[in-house]
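Numbering (our numbering), first residue to last: 6 to 275.
Every residue, glycine too, gets a C-beta built ideally from N, C-alpha and C.
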Amino acid sequence: MHSFSRAAVGALVLASAAGFALAQSAAPAPASGYGTQDLQVVNVTFDRFEPLGSAIGYASNCCQQGLAGERWITGASGGVLLASIDAGLVPNGADLEEVSFYVLDDTAAVGADFGGRLCRSWVDVDGGNLDGDCPLLATTSGSPGQTVVGGDPNIQIRYQFDVDEDGEEEVVSHFLWAAFPDEAIAGQIRLRSVRLLFRRQVSPAPPSALFSDVPQSHPFFQFVEALAASGITAGCGTNIYCPDAPLTRGQMAVFLAKALGLHWPGPPSP
Ligand SMILES: [Ca+2]
Ligand SMILES: [Ca+2]
C-alpha cells in the first residue's frame with residue numbers, strides 16, 4: 006500500500022486540483038478551473054457595463070451575426086461605462102495578468118480616443134474611510150478602427166485585505182472603467198468586450214506558524230498554512246500537523262472534498 010506524508014499531500018491536493026482542470030480541458034478552461042498553472046480567460050461582455058452617473062445616455066448593438074455586440078455613450082458629451090469584477094468572474098487571490106479592451110475607434114479627431122482603466126474602491130470592514138485607485142491601463146490613438154488595447158495591471162484580485170497597509174483590512178471592490186471622451190462623436194467609439202487573463206495563486210506564507218511541527222523553515226510551510234487557513238484541515242492535534250505521518254484514504258477524501266467544495270445535484274437535506 007502506498008502512503009503519502011501529510012506534508013506531501015498539501016502539494017497533492019493542489020496537483021490533483023490542477024489535474025482535475027486538465028482533464029476537463031478539451032474546451033477552453035473555464036473560470037472555475039483549478040490549479041495555479043492554467044491561464045484562465047474571462048470575457049466581460051458589453052452588456053455588463055453600466056453608465057457612471059444617471060445623466061449619461063448609452064446605446065447598444067447586440068449580437069448580430071454571431072458578434073457579441075457593443076455599447077457606447079450617446080449625446081455630445083463623453084462619459085464612463087463601468088463593469089464590476091466579482092468573485093464569480095475572477096476568484097479571490099488570482100493574479101490578474103492582462104486586461105484587454107476590445108474597442109472600435111473610428112474617429113481621428115484630436116482627443117477622441119478611448120481610455121481603459123482598472124479601478125478599485127475600498128472601505129474599512131466597519132464601513133468607514135472610502136478610498137480607491139484607478140490607474141490608466143491603455144488608450145486608443147488616432148483612428149485605428151477595431152482594435153485591442155490593454156496591459157498588465159500588476160495586481161492580485163483580493164476582495165478583503167489591508168490594501169492601504171494601515172494595519173486594518175478593507176473590503177475591496179474592483180471595476181473595469183471604459184472612458185469615452187467629449188470629442189467622441191456619438192457612436193464612433195464603441196466598447197465591445199473586455200478580456201481578463203488570470204492565474205489562481207496559493208496565498209503567500211503568513212508571518213507566523215500555526216503548527217509547531219511545520220515552522221516557517223519547513224519546505225511545505227506555505228502550503229500547509231494555506232490548507233489550514235482554507236478550512237481543509239485543522240491538523241492532527243493541538244497546534245500540530247504531523248507533516249510526516251501517513252495519510253489514509255479516508256483523510257484523503259476529506260482533503261479533496263473540502264478543497265474542491267465537492268457536491269452533486271440533489272444533495273441530501275441537511
Ligand atoms: Ca480616436
Ligand atoms: Ca487598511
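| Item | Value |
| --- | --- |
| Same chain, Cβ closer than 7 Å to T152, five either side skipped, listed in chain order | V108, D110 and T145 |
| Cβ neighbour criterion (16 or more within 10 Å) applied to V294 | Residue coverage of the chain in this structure runs from 6 to 275, which leaves residue 294 outside it and unanswerable. |
| Heavy atom of ligand 2 within 6 Å of E75 beta-carbon | no |
| Contacting residues, own chain, Cβ-Cβ under 8 Å from L44 (five flanking each side not counted) | A34, E102, L202, F203 and R204 |
| Residues of its chain near L135, where Cβ-Cβ distance is below 7 Å and the 5 sequence neighbours each way are ignored | S126 and V128 |
| The region 60-79 in contact with the region 163-176 per 3-pair CB rule at 8 Å | no |
| For F54, the nearest candidate out of I90, G236, G240 and T238 (CA to CA) | I90 |
| Cβ-based neighbour list, P211, same chain, cut-off 7 Å, excluding 5 preceding and 5 following | E230 |
| E55 beta carbon near ligand 4 (any heavy atom closer than 6 Å) | Among the ligands present in this structure, namely ligand 1 and ligand 2, ligand 4 is not found. |
| Residues near G271 by beta carbon distance below 7 Å, same chain, minus five either side | none |
| Beta-carbon spacing of L141, G156 below 7 Å | no |
| Distance between G192 and C139 (C-alpha atoms, nearest Å) | 25 Å |
| Any non-hydrogen atom of ligand 2 closer than 6 Å to E175 Cβ | yes |
| Distance between beta carbons of S222 and G98, contact taken as under 8 Å | The Cβ separation is near 24 Å, so there is no contact. |
| D169, DSSP secondary structure in three states | coil |
| Start-end ranges of the beta strand (DSSP E) lying completely within the region 185-226, minimum 3 residues | 194-204 |
| Beta-carbon spacing of V219, F228 below 7 Å | no |
| Those residues, in chain order, that have a beta-carbon closer than 6 Å to some heavy atom of ligand 1 | D110, T112, A113, A117, D118, T145, G147 and S148 |
| Which of helix, strand or coil DSSP assigns to F106 | strand |
| Span of the alpha helix (DSSP H), counted from its first residue to its last, around A143 | Segment L141 to T144 is the beta strand (DSSP E) holding A143; no alpha helix (DSSP H) there. |
| Uninterrupted beta strand (DSSP E) stretches inside the region 34-80 (no shorter than 3 residues) | 45-50, 63-66 and 75-78 |
| DSSP-derived helix/strand/coil call for V259 | helix |
| Enclosing beta strand (DSSP E) for L267 [first to last residue] | Per DSSP, L267 belongs to no beta strand (DSSP E) and is neither H nor E. |
| Buried versus exposed, by CB contacts within 10 Å (16 or more), W269 | exposed |
| Pick from I194, G133 and E174 that is closest to G116, judged by C-alpha positions | I194 |
| Contact under 7 Å by Cβ, F216 with I237 | no |
| DSSP three-state assignment for A233, whether helix, strand or coil | helix |
| Identified DSSP bridge partners for V95 | Paired residue(s): none; V95 is not in a bridge. |
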